[in-house]
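Under full-length UniProt numbering, the first residue of the sequence shown carries the number 1, and numbering increases by one thereafter. For reference, the structure is listed below as structure tokens.
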Amino acid sequence: MINRSNENQFKLVSNYSPSGDQPQAIETLVDNIEGGEKAQILMGATGTGKTYTMSQVIARVNKPTLVIAHNKTLAGQLYSEFKEFFPENAVEYFVSYYDYYQPEAYVPSSDTYIEKDSSVNDEIDKLRHSATSALLERNDVIVVASVSCIYGLGSPKEYSDSVVSLRPGQEISRDELLNALVDIQFERNDIDFQRGRFRVRGDVVEVFPASRDEHAFRVEFFGDEIDRIREIESLTGKVLGDVEHLAIFPATHFVTNDDHMEMAIAKIQAELEEQLKVFEAEGKLLEAQRLKQRTDYDIEMLREMGYTNGVENYSRHMDGRSEGEPPYTLLDFFPEDFLIMIDESHMTMGQIKGMYNGDRSRKEMLVNYGFRLPSALDNRPLRREEFESHIHQIVYVSATPGDYEMEQTDTIVEQIIRPTGLLDPEVEVRPTMGQMDDLLEEITVRAEKGERTFITTLTKKMAEDLTDYLKEMGVKVKYMHSDIKTLERTEIIRDLRLGVFDVLIGINLLREGIDVPEVSLVAILDADKEGFLRNERGLIQTIGRAARNSEGHVIMYADKITESMRKAIDETARRRQIQMAYNEKHGIVPQTIKKEIRDLISVTKVVTQDKEEVIDFHALNKEERKAMIRKLEGQMQEAAEVLDFELAAQIRDMVIELKNL
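Listed below in structure tokens is the structure:
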């Protein structure tokens, strides 16, 4: 068992001070948290520095904080920013560690069983272990996570109780330490020394913790007593210094002691017998045979090795939970008085709600056809109400909060002023009659000034047809939608910024997350067609794409003004008025954001050695493709090592696509 230190303080490091309406937002959020307010919304316009405000709040309230984002890329961006703001505190990263994941499934119509297949990213697995160990050791912890934080993780009590705690002078024999390490799923390997392994050289045991990647520990014995503990470089063995205390956390999050393991196996056997009777009574002899064969094998593996593939499907028995009881998740590793921040909450809360149902339907098929015991249904993500039961205090962060967040609280803290003085763009509505000629004229004006244009359509066909039309008119234009692969997508955005072309046409991909300061015009076609892409939130997010440029302008082409259009236009105008008044009062002149055009993915140097010579991936032979994949995997590893997980994730997607060519 390990005791958490509560003496550490968050220390925010930044070259600038809160500006605009950041000071007011920070003060209000902090006062509400310290006053016991359970839920509040930070409604911040695009580009107002919401992450900086979040950092200031965390530093002031000094609580362990969980920040949840709706995808790995966004989580990676936030992680990098928080690491810069809090270099002396524990900023951790917790996302799904699968590079590739094919869940176990069964398709009755074709009698096809799909075995679980996955590829684990070793770097992310290390960071997940770093997150859980930090949460048990200290209080100054920020964990940036994706929605995978609501999936089952194993009991924090078992995890904490299994920690092997070592100090110089402690009476413990070498063999006792080796047995203890094996019990917490460490492997002995005297040659290939990696995370989660140990090696033995006489009276010296070297241990490579699961949460480290470069440094290991050398435990030196004198008889049955620890003589000295040293931190070493894992590759060279160079001694970095002596250590007074070493806490070795388990090499897996699913860990249990021998007594609990025997109890779990007994429960698994009892459930197996019960389910076999059900199948036999229903005449499902094939399903009964299938279930018995698989479960008997898993039980044997658990007895002999303490582990089996798919051990998480028995987590209810391993954790000692009742049927239907929620699984342990990352949230259970936090102390009770912790803070949750949901970034882009209008997207993230929808994901949290939807995870349970999708998982349940797949697992029920496996249970009904004898591939898994019914208890596998309890290896699942949390339901939304179970997630809510973990909330002590929460801040929803979004430019366009969803209905769910608005139902949870009336406390809304606005952040509208941008530190750069940039205004929300002007929005005007123009009729659809003659819209192509009108749009062409607007594009030409922007292109002559070296500015770019976004156009959003409702369908892929419209995007392609409009692209063809504009090309005929002499416009440098490209389109981007979900059929465009990752290999091309990032290059398209970079080429737009570089001025290789002037107009990008898209559908939903333009709503959020694409930051192009050169865009001064956003044109929304069929703005009056109510629906997911043209609702109030969708329109506000799309309008926000023009808010990075001092000449930002939005044209909605429509024959009537819908309720969603009216609300989006009114909200944008309201924010714009507040921003203009602030600028006038403080003598601020809006300046377009100057953002370096780096290679969005360093692979552009591989793909295009110079602008004229484009390598066609489809033209590569098998050996050339393998060489390219090796090169990309090296770049992916380099990006992960410097904590640029956004870049690493993009390169990973490219590698997957190359492998599928």
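Glycine residues also receive a C-beta, built at the ideal position from the N, C-alpha and C atoms. None of the values given here were measured: they were computed from a predicted structure.
Check	Outcome
Identify which residue in F217, I265, H245 and E225 has its Cα closest to the Cα of E233.	F217
Taking the alpha carbon of V395 as the reference point, which residue from L291, D437 and E344 has its own alpha carbon closest?	E344
Could you tell me the alpha carbon to alpha carbon distance between Y100 and T236, rounded to whole angstroms?	Any reading at Y100 is ruled out, since the residue's pLDDT is 49, under 50, leaving its predicted position unreliable.
Whether or not the stretch 72-80 and the stretch 422-440 are in contact is what I'm after, with contact meaning three or more pairs of Cβ atoms, one per stretch, closer than 8 Å; do they touch?	no
Does the contact criterion of 3 or more C-beta pairs under 8 Å hold for the stretch 276-287 versus the stretch 356-372?	yes
Let me know if G474 comes out buried or exposed under the rule of 16 or more other beta-carbons within 10 Å of its beta-carbon.	exposed
Which full runs of the beta strand (DSSP E) of 3+ residues lie inside the stretch 329-356, going along the chain?	339-343
To the nearest whole angstrom, what separates the beta carbons of R452 and D495, a pair I think is in contact under 8 Å?	With 8 Å as the limit, R452 and D495 do not qualify as a contact, their Cβ atoms being about 11 Å apart.
Report yes if the CB atom of V67 is closer than 8 Å to the CB atom of V144, and no otherwise.	yes
Using 8 Å as the cut-off, can you tell me whether the stretch 311-321 makes contact with the stretch 370-386, which would need three or more C-beta pairs spanning the two stretches below that distance?	yes
For Y479, which beta-bridge partners are listed by DSSP?	I505
Whole alpha helix (DSSP H) runs in the stretch 259-314 with 4 or more residues, listed along the chain?	285-305
Quick one: using the 10 Å Cβ neighbour count with 16 as the cut-off for buried, is M305 buried or exposed?	exposed
Suppose only complete runs of 3+ residues qualify. What are the beta strand (DSSP E) ranges in the stretch 128-195, listed by chain order?	141-145 and 164-166
Taking 8 Å as the cut-off, decide whether the C-beta atoms of G47 and A547 are in contact.	yes
Which one or two residues does DSSP pair with F217 in a beta bridge?	V207 and E231
Which same chain residues end up closer than 7 Å to P401 when comparing Cβ atoms and leaving out the 5 residues on each side of it in sequence?	I41, M43, S345 and H346
Is the Cβ-Cβ distance between Y97 and D140 less than 8 Å?	no
Can you tell which of E638, Q637 and L632 has its C-alpha closest to the C-alpha of M654?	L632
Name the one or two DSSP bridge partners that A90 has.	V141
Where does N660 land, buried or exposed, given buried means 16+ other C-beta within 10 angstroms?	exposed
Let me know the beta strand (DSSP E) ranges lying completely inside the stretch 349-417, each 3 residues or longer, listed in chain order.	393-398 and 412-415
Could you give the first and the last residue of the continuous beta strand (DSSP E) run that contains H553?	H553 to Y557
Return the residue from the list V397, P419 and T420 that minimises the CA-CA distance to I412.	V397
Of the choices G506, Y582 and K461, whose alpha-carbon is the least far from that of G421?	Y582
Would you give the residue range spanned by the alpha helix (DSSP H) that D242 belongs to?	Looking at the DSSP string, D242 is not in any alpha helix (DSSP H); the run it does join, the beta strand (DSSP E), is V239 to D242.
Mapping DSSP to helix, strand and coil, what is G20?	coil
Relative to the alpha-carbon of E563, which residue among Q577, I524 and K529 has its alpha-carbon at the smallest distance?	K529
Under 8 Å between the Cβ atoms of R199 and E206?	yes
For T467, which of Q351, S162, V477 and Y151 has the nearest alpha-carbon?	V477
Could you check the C-alpha separation between S17 and T53 for me, to the nearest Å?	10 Å
Do I505 and I543 count as a contact pair if the criterion is CB distance below 8 Å?	no
S110 by DSSP, collapsed to three states: which one?	helix
So, with DSSP's three-state summary, where would you put S14?	coil
For I492, which residues in the same chain have their Cβ closer than 8 Å to its Cβ, ignoring the five residues on either side in sequence?	K478, M480, I484 and L504
F338 and K585 - do their beta-carbons sit closer together than 8 Å?	no
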